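In our numbering, the protein residues as written are 3 to 189. Built from N, CA and C at the ideal position, the CB exists for glycine as well. Source: prediction; values computed, not measured. Note sheet for the following structure.
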């Protein structure tokens, strides 16, 4: 009788350990999926920029500093995308968002540009991508939170340490100004 109780406890402990391990694996996969979603949306935004720049160049030729800032920020974001950490990527993408915001704000001074249908289409596409980035970031950060809670909580932290699970980094923007989505105005 006592042997059956011990066997039952061992089976319950084993099932509990398997559940914890599977929870850690599930949360790690959700973080990877969330990062992939962010990566896709950031790539979409990066791919939109050259076409937007070509449209704007014809109207804003003497705004070279603003155009160069966007070009440089895009290059930095592209290089950060090649294996950078979420923190490094967030910094580069924040700088790109700020540069795009300045570009859109500068475009307000050009009535012909604001009336250009191609420019308006790019503005709309950019706003859509920015919204998608925001949603993907929320998903990723939620998945990161869930994984980090399991990695740090007892008793799942024992399994996390034993099997090499580590906390994930949040995707956050450093400056409050960078957190603002570039404003797109239709007139």
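Item                                                                                                                                   : Value
Nearest to residue 167 (by Cα), restricted to the options 154, 54, 53                                                                  : 154
Beta-carbon proximity list for residue 152, same chain, < 7 Å, skipping 5 on both sides                                                : 25, 26, 29, 158, 162
Contact the region 95 to 104 vs the region 62 to 75: 3+ CB pairs below 8 Å                                                             : yes
Runs of alpha helix (DSSP H) lying entirely within the region 66 to 144, each at least 4 residues, in chain order                      : 66 to 83, 88 to 109, 113 to 117
Simplified DSSP assignment, three categories, for residue 155                                                                          : coil
Residue 45 versus residue 9: straight-line alpha-carbon distance, rounded                                                              : 54 Å
7 Å Cβ cutoff, residue 45 in contact with chain C                                                                                      : Looking at the structure shown, chain C is missing, and only one protein chain is on hand.
C-beta contact flag for residue 33 and residue 164 at 7 Å                                                                              : no
Contacts around residue 115, its chain only, beta-carbon distance under 6 Å, and the 5 residues preceding and following it disregarded : 61, 109, 121
Where the alpha helix (DSSP H) through residue 5 begins and ends                                                                       : 4 to 59
Buried or exposed (CB count within 10 angstroms, at least 16 for buried), residue 160                                                  : exposed
Closest residue to residue 90 among 70, 4, 173 (Cα-Cα distance)                                                                        : 173
Secondary structure of residue 170, DSSP reduced to three states                                                                       : coil
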